[in-house]
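As they're listed, the protein sequences go chains A and X. For what it's worth, our numbering labels the leading residue of the first sequence as 1, then goes sequentially. For what it's worth, our numbering labels the leading residue of the second sequence as 256, then goes sequentially. Where a beta carbon is used, it is the ideal one built from N, C-alpha and C, also for glycine.
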Amino acid sequence: MIFGLEFPPIENLVEWPNVFGPEGSWYGFNKIALINFVALAATTVLFLVAGRSKGLVPKGARNLVESGVAFIRDGIIMETVGKDGIRYLPYLVSLFFFIFITNIFEVIPFFHMPGNARMAGPAVLALITWVYFIAVGLKHQGLKYFWNSVAPPGVPKALLPLVIPIELLSTFIVRPFSLAVRLFANMLAGHILLVTFSVLCITLFSATLLALVLPFSFAMLVGLTGFEIMVAFLQAYIFTILAAVYIGSSMHAEH
Amino acid sequence: MLASILATAEAVSTEITQVAETKNPILPTVNEMFWAAVFFLLLWALMKFVLLPPITKVMNARDEKVRSDLQAAEAAESARVSKLAEYEAGLAGARAEAGALLEAARSEGDAERRTKIAAAEADAASFKAEASTAVADAKARARTELTASITDIAVGAAEAVVQKPIDRAAQTALVEDYVNRSGSQN
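Here you go:
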């Protein structure tokens, strides 16, 4: 009880029972898995519908999809990697749409749960991105990639004992953790905020004087819902642009 | 003592088991990671081979069309500028030619005018000279006739007065001198 408010335990907000598969099994399918599946299905359907539309002037779904693709191509890849990075467009588009759709479930009625408010999704995406940018580095620079990553060209030799541990830590350890934790923490915090104000509204919906505070709490809930839509987009954008930056830095030794 | 230690160890063991059984909401679960990986990797593969190519194909075609249209527009603009320059050059040439023709016509006209004026002036001078000659001849003739008449009258009158012949040649010289002096005063 917090000042008379019955607040549910945190695990009740983010943990979901399996729809199929026993609890604790590696293949148990729960609400988070369903959200991830819907993200896959919605993106696939959207792109298939957009791909079927003919003509050079985009309309409807095609307009939406092309805006997203052009945003990632021109706003992220061209700005961070350059023309050489266009080949990574499929990965970055997948990343952006997958994260955005799983995030936006925070404000979708009956779901009200961002897929990335659980650590699993962000951890997997960060891990895949980590493997991917290392693979890109190995492809472009060979085994020298590891040395170039921890000892950037141009650093005086006297500073190498200091720089190597820092770069090793920041490039290969901190990057995946920061990617995953940033996305997860932002979405979890937003989810807890919305749950807090929802619970508050329900509690204040009574025949007592407390009902006078209800409009303010409800206004906060509406405002935060709008804010969460922005956060859903922003976090998808941040994750994607950082992935692009890491991929770009793996392509060239001077980065 | 041993019983007490065993009881404590059992209590700690129970507590550890309870903690291990309590789910940490922060840590990722294997099943969620599995499905997230499956669905994301599937989406990536679909995106690479099925979903994105038709979109980028049309976007590239549009970019190419926009680029070619822009190039065509730039070429048309260059052609327009070139045509305009050509037209202006032609116009300037025509104007220069017209000016030259006008100038030539004006010079020709002036020359003709000057020639005609000169001819007219020559004609006038000729007429004037002829007239002057005629006047001088008439005047000379008139003077001669007058001198002869006056001489005849004067000599006749004088011979009638003096009743004797007078030297006609001398009288004629006197009359001529008189007439000349009278003429020079007019």
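ask   = For A:V49, which residues from the same chain have a beta carbon less than 6 Å from its beta carbon, with the 5 sequence-adjacent residues on both sides left out?
value = A61
query = At a cut of 8 Å, does the stretch 311-331 of chain X reach the stretch 57-71 of chain A through at least three beta carbon pairs?
reply = yes
message = Please classify X:N286 as buried or exposed, where buried requires at least 16 other C-beta atoms within 10 Å of its C-beta.
response = buried
ask   = Can you tell me whether A:W147 is buried or exposed, with buried defined as 16 or more other CB within 10 angstroms of its CB?
value = exposed
message = For X:A327, would you say it is in contact with chain A, using Cβ-to-Cβ distances shorter than 9 Å as the test?
response = no
query = Any contact of the stretch 280-295 of chain X with the stretch 28-37 of chain A, i.e. 3+ C-beta pairs under 8 Å?
reply = yes
inquiry  = So for X:V430, helix, strand or coil by DSSP?
reply    = helix
Residues of its chain near A:S250, where Cβ-Cβ distance is below 6 Å and the 5 sequence neighbours each way are ignored = F133, V136 and G137
key: Local conformation of A:F7 per DSSP, three classes   = coil
key: Counted within 10 angstroms of its Cβ, other Cβ atoms place X:E265 as buried (16 or more) or exposed   = exposed
inquiry  = For a quick check, are the C-beta atoms of A:G190 and A:V231 less than 9 Å apart?
reply    = yes
request  = Thinking A:F184 and A:P122 are a contact (beta carbons under 8 Å), I'd like their distance in whole angstroms, please.
outcome  = 4 Å
task = Please determine if the stretch 99-107 of chain A and the stretch 234-250 of chain A are in contact, where contact requires at least 3 C-beta pairs separated by less than 8 Å.
result = yes
query = Any chance the stretch 71-91 of chain A sits against the stretch 302-310 of chain X, with 3 or more Cβ pairs inside 8 Å?
reply = yes
query = Can you tell me the Cα-Cα spacing of X:A391 and X:D407, whole angstroms?
reply = 23 Å
key: Euclidean distance between Cα positions of A:A243 and A:T129   = 6 Å
query = Is there at least one Cβ from chain A nearer than 9 Å to X:L322's Cβ?
reply = According to the sequence shown, residue 322 of chain X is Arg rather than Leu. Not one chain A Cβ lies under 9 Å of X:R322.
inquiry  = If you follow the alpha helix (DSSP H) that X:K419 is in, where does it begin and where does it stop?
reply    = No alpha helix (DSSP H) holds X:K419; DSSP gives it neither H nor E.
request  = Determine the chain X residues that contact A:A50 at a beta-carbon separation under 7 Å, and present them in chain order.
outcome  = I310
task = Output, in chain order, the set of chain X residues within a Cβ distance shorter than 9 Å of A:M119.
result = P280, I281, L282, P283, T284, E287 and M288
inquiry  = Using the Cβ count rule (16 or more neighbours within 10 Å means buried), how would you classify A:V150?
reply    = buried
query = If A:I76 and A:T240 are in contact, beta carbons under 8 Å, what's the gap, nearest whole angstrom?
reply = 6 Å
Other residues of its chain near X:A409: CB distance less than 7 Å, five sequence neighbours each side excluded = Q426 and V430
ask   = Residues of chain X with a CB under 8 Å from the CB of A:F98: which are they?
value = F294, F295 and L298
query = Rounded to a whole number of angstroms, what is the C-alpha to C-alpha distance between A:M1 and A:F7?
reply = The predicted model places A:M1 with a pLDDT of 49, which falls under 50 and marks its position as unreliable, so this point remains unresolved.
message = Just checking: is the beta-carbon of A:A39 within a distance shorter than 9 Å of some beta-carbon in chain X?
response = yes
ask   = Just curious, the alpha helix (DSSP H) that A:V107 is in, first and last residue?
value = Careful: A:V107 lies outside any alpha helix (DSSP H) and carries neither H nor E.
query = CB A:L179 to CB A:L221, shorter than 9 Å?
reply = no
message = Could you pull the DSSP bridge partners for A:F20 from this structure?
response = A:F29
query = Mapping DSSP to helix, strand and coil, what is A:M251?
reply = helix
message = Between which two residues does the alpha helix (DSSP H) holding A:Y145 run?
response = K144 to V150
query = What are the start and end residues of each continuous alpha helix (DSSP H) run of 4 or more residues lying completely inside the stretch 120-197 of chain A, in chain order?
reply = 120-141, 144-150 and 160-168
task = Reducing DSSP to helix, strand and coil, say where A:K59 ends up.
result = coil
ask   = Under the rule that 16 or more other beta-carbon atoms within 10 Å means buried, what is X:A262, buried or exposed?
value = exposed
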